[in-house]
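First to last, the sequence lines map onto chains W and B. Quick note on numbering: the first sequence equals residues 42 to 415 in my numbering. Quick note on numbering: the second sequence equals residues 42 to 415 in my numbering. Glycine included, each C-beta is placed from N, C-alpha and C at the ideal position. Everything below concerns the one structure shown next.
There are 2 protein chains.
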Amino acid sequence: MSSIVRIDGTAPPRTIAHGSRLAVPRHSTTSLPRVIRSTAEFARHVGLARTTVSRVLNGQPGLKQKTIDRVRKAIDETGFTPNAYALHLKGKRTSLVGICMESLLTAPAVSKLAQLQRLLRAQSYASLIEVIDAEGSRSVIRHFLSMRVEAVVFIGHFVEEEIAARIAELGRHATPHLVIDHVGIPNANTVALDRRRAMTEVVSYLVSLGHRSFGLLGLSGPLRSARDRVAGIAETLAGHGMSLEHATVSLDHLHPRGNDFEFGRSLAGSFLGAKRRQTAYLALNDEIAVGAMHGFQEAGLAVPGEVSVSGFNNQDICLMVNPRLTSVDQQIQRTVEAAAGILAGQVGRPLPRRPVVQMIPPLLTVRESTGPAP
Amino acid sequence: MSSIVRIDGTAPPRTIAHGSRLAVPRHSTTSLPRVIRSTAEFARHVGLARTTVSRVLNGQPGLKQKTIDRVRKAIDETGFTPNAYALHLKGKRTSLVGICMESLLTAPAVSKLAQLQRLLRAQSYASLIEVIDAEGSRSVIRHFLSMRVEAVVFIGHFVEEEIAARIAELGRHATPHLVIDHVGIPNANTVALDRRRAMTEVVSYLVSLGHRSFGLLGLSGPLRSARDRVAGIAETLAGHGMSLEHATVSLDHLHPRGNDFEFGRSLAGSFLGAKRRQTAYLALNDEIAVGAMHGFQEAGLAVPGEVSVSGFNNQDICLMVNPRLTSVDQQIQRTVEAAAGILAGQVGRPLPRRPVVQMIPPLLTVRESTGPAP
DNA sequence: CTGAAAGCGCTTACAG
DNA sequence: CTGAAAGCGCTTACAG
């Protein structure tokens, strides 16, 4: 068992050992090897030439098995790892990918990160991961470039001009990039959910259930992702002879946007207070939808008997509420696989002249929170 | 707008431009600069000596302002970044921290990662992040070592012997480490929630409400974290003259462990079927607690009127269910700050002889899912 | 300010 | 198998 020392965020007291007579070698009977920091030191340690060690390390032919074994054994014993920085200077690939995250606090984004990293690792890439904001993006990209990453991935929604500038910078360094989620950045290779189509599917489905008036929850605002969604709603309504102005209502302006769940619940309250109630509610995300559902239910409204509610992202929480939430699945696995495929096609080759843009079809997942219009 | 090209995971078609007569310079009127890859090239580009450029780059004194400006301007124009690998060979710190995650799919772990990264970045560390399993941990650590990271952090629960071996390896390389969450690894610097105490608080509170029989949800199994929790329960019960055997029941063995929410719901079903029902239920995590709560409610039981349910981790979902879930907050911010403090005390110094272990006190967060025993 | 030189830790011909 | 050498991209004295 390790000894327990409580500290308060300060450095632990360094105890100076002065000549304990009972001192015994720790862990093993051989003396502790010094840290070996170079092939030169290591070669001396094994009693071979630097050149020979290097050849074993790189699996080159023409070596006696006995020599190979000797070196391997010494590597295991000393834990010697050749300096990656020297290796790269000699021309070895860095096998590094830089990943810029809008946030590590939103579940779908982290899920994309996790899956992308798994794919990259299978191709033996390691990842440098940074959360970026508008001000910090320049320095992050410069650091990635100084680390000679082989590609940079952006996951999330960013300030468009900012990322466009970063992408231009990457282009000047012949470094491939890919944007996941944020669609519409000039000259950006992009993989993103087809959000228009997502709303087409949701709205068509609700219209087929007889809904003609819709409350929009959190879909206002300048974000490209929200605007695309609203465009999809408008388009679909138009196809059924309705208009956005007449068939939809947004009360987003009535409440400050804090925690999404509370925001959704507040919105429900406002809709309840309005003269004419909508029969179906489309939320920006699952959290807002769940909040709204709670708001309606607490006021005694039946979901989906009196109002239908649909979410977005198809997170676990959709299954944990009652009734379970209808939502749109982002198809994260397909998204990430497409991203990895595009990157694989660009790394180590001349950059393509035109950006590659791939839209991923969403999957509407119908559950019990939506039903026929009353 | 970028042109839209649909592809199927294959590389984009490379279009060869053959002599369009309308070709115009893109983006600017100057010709596109070649990618500059070294100070030598860059010095030639600005018309200065390599030495001078280097001095500007490193902010050394004795340079004319005019020269400095000239170099800075050229850096902005060309986006030149000095090769980090050469810099490090010349003795510059790597300012890299390696982070080993058990998983990127569990919210509390990702939250720790996010907050730790923010603290590290404030000290201008970049992070190499890898998800590790028992087999892969060796190669990940060796890669971190070859990248000469200045410290390695483990976040989550691991196979003990595996991580102990990795920590020994790091020690041989004089590289500081820190384990967040997994307590009890020999010789490991550790920061972890005091899980025993967490259960002491929950159980004391429930006992004070009159509860005398407890259902344990998902707390069985060999995981150190679960065993610590059970030990805390036993201790507290003993303090009130009760015993684990008589006062608690676990039915975990009756259901396969899949999705936690469904697992919780199934467990509730089994408890409902049993002869004598417990009055309070302690869950491994919030998801299981929410599942159980749903299970009870669907069977017509009132929460907390007839049964009390408490979760663990205090995730957002606690607020989104009805009644809101009593849970234990891990105090992630304090945890991560402690971790960063310990690391800061160890980087660049001789490793301490004894490991530092710091336990973080939990915060019981009482909500409406727990109440007086019926 | 410039220029030539040494050296960080490697790999890779090259001659023994 | 060994050993000496060149060179990757930097920084840092050192002499001009």
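Residue environment, Gly120(B), which counts as buried when at least 16 other CB atoms sit within 10 Å: Buried, since its Cβ has 16 or more Cβ neighbours within 10 Å.
CB of Thr137(W) within 9 Å of CB of Arg111(W), strictly: Here residue 137(W) is Leu; the residue named in the question, Thr, does not match the sequence. For the 9 Å CB-CB criterion, Leu137(W) and Arg111(W) do not form a contact.
Met400(B) - DSSP class collapsed to helix/strand/coil: Met400(B) falls in the strand class under three-state DSSP.
Beta carbon of Leu160(B) nearer than 9 Å to that of Thr411(B): No, Cβ-Cβ distance for Leu160(B) and Thr411(B) is not below 9 Å.
Chain-ordered chain W contacts of Thr122(B) [CB-CB under 7 Å]: Arg183, Leu186 and Ser187
Where His86(W) meets chain B, residues with beta-carbon distance less than 7 Å: In chain order: nothing, as chain B lies at least about 13 Å away.
Contact test: His287(B) Cβ vs the ligand ATP heavy atom, cutoff 8 Å: Among the ligands in the structure shown, none appear at all, so the ligand ATP cannot be discussed.
Separation of Val181(B) from Leu278(W), as counted between CA atoms: 52 Å
Segment contact flag, the stretch 169-189 of chain W with the stretch 164-183 of chain B, C-beta cutoff 8 Å, min 3 pairs: yes
Rounded straight-line distance, which links the Cα of Ile358(B) to that of Gly299(W): 16 Å
Three-state class that DSSP yields for Val193(B) in the structure shown: strand
Buried/exposed call for Leu104(B), threshold 16 Cβ in 10 Å: exposed
Cβ of Ile358(B) within 9 Å of any chain W Cβ: Yes, contact with chain W.
Alpha-carbon to alpha-carbon, Thr231(B) and Gly259(W): A straight line joining the alpha-carbon of Gly259(W) with that of Thr231(B) spans about 42 Å.
Cβ distance (whole Å) where Gln319(W) is taken to contact Phe255(W) below 8 Å: 6 Å
Listed by chain order, chain W residues near Gln158(B) by CB distance under 9 Å: Leu145, Ile170, Glu171 and Val172
Residues, ordered as in the chain, of the stretch 352-382 of chain B that lie near chain W by beta-carbon distance below 8 Å: Asp357, Ile358, Leu360, Met361, Val362, Asn363, Glu378, Ala379 and Gly382
Leu313(W) to Ile401(W) span [Cα, whole Å]: Distance between Leu313(W) and Ile401(W), taken at the CA atoms: about 36 Å.
Sequence-distant residues of its chain with Cβ nearer than 8 Å to Thr108(W) (five each side left out): Leu89, Thr93 and Val97
Burial state of His252(B) (16 or more Cβ within 10 Å): buried
Status (buried if at least 16 other CB within 10 Å, exposed otherwise) for Gly132(B): Taking every protein chain shown into account, the CB of Gly132(B) has fewer than 16 other CB atoms within 10 angstroms, so this residue is exposed.
Local conformation of Leu260(B) per DSSP, three classes: In the structure shown, the three-state DSSP call for Leu260(B) is coil.
Listed by chain order, chain W residues near His335(B) by CB distance under 8 Å: Met361 and Asn363
Sub-9 Å separation of Pro345(W) and Pro413(W) beta-carbons: yes
Below-9 Å beta-carbon distance, Phe304(W) vs any chain B residue: no
Span of the beta strand (DSSP E) around Glu171(W): Ala167 to Val172
Secondary structure of Gly370(W), DSSP reduced to three states: Inspection of the sequence shows that residue 370(W) is occupied by Asp rather than by Gly. Note: Asp370(W) maps to strand in three-state DSSP.
Members of the stretch 123-135 of chain W that neighbour chain B once the beta carbon cut-off is set at 9 Å: Against chain B - using a Cβ distance shorter than 9 Å - the residues of the stretch 123-135 of chain W are Pro123, Asn124, Ala125, Tyr126, Ala127, Leu128, His129, Leu130 and Thr135.
Euclidean distance between Cα positions of Ala267(W) and Pro227(W): 18 Å
Proximity below 9 Å, CB of Ala125(W) to CB of Met188(B): yes
Alpha-carbon spacing of Arg394(W) relative to Thr216(W), whole angstroms: 13 Å
Met361(W): first and last residue of the uninterrupted alpha helix (DSSP H) it sits in: Ile358 to Met361
Cβ-based neighbour list, Arg306(W), same chain, cut-off 7 Å, excluding 5 preceding and 5 following: Gly332, Ala333, His335 and Gly336
Any alpha helix (DSSP H) of 4 or more consecutive residues that is wholly inside the stretch 320-356 of chain W: 327-339
Nearest-angstrom Cα separation, counted from Pro102(W) out to Gln399(B): 51 Å
Contact with chain W by Leu234(B), beta-carbon distance below 9 Å: no
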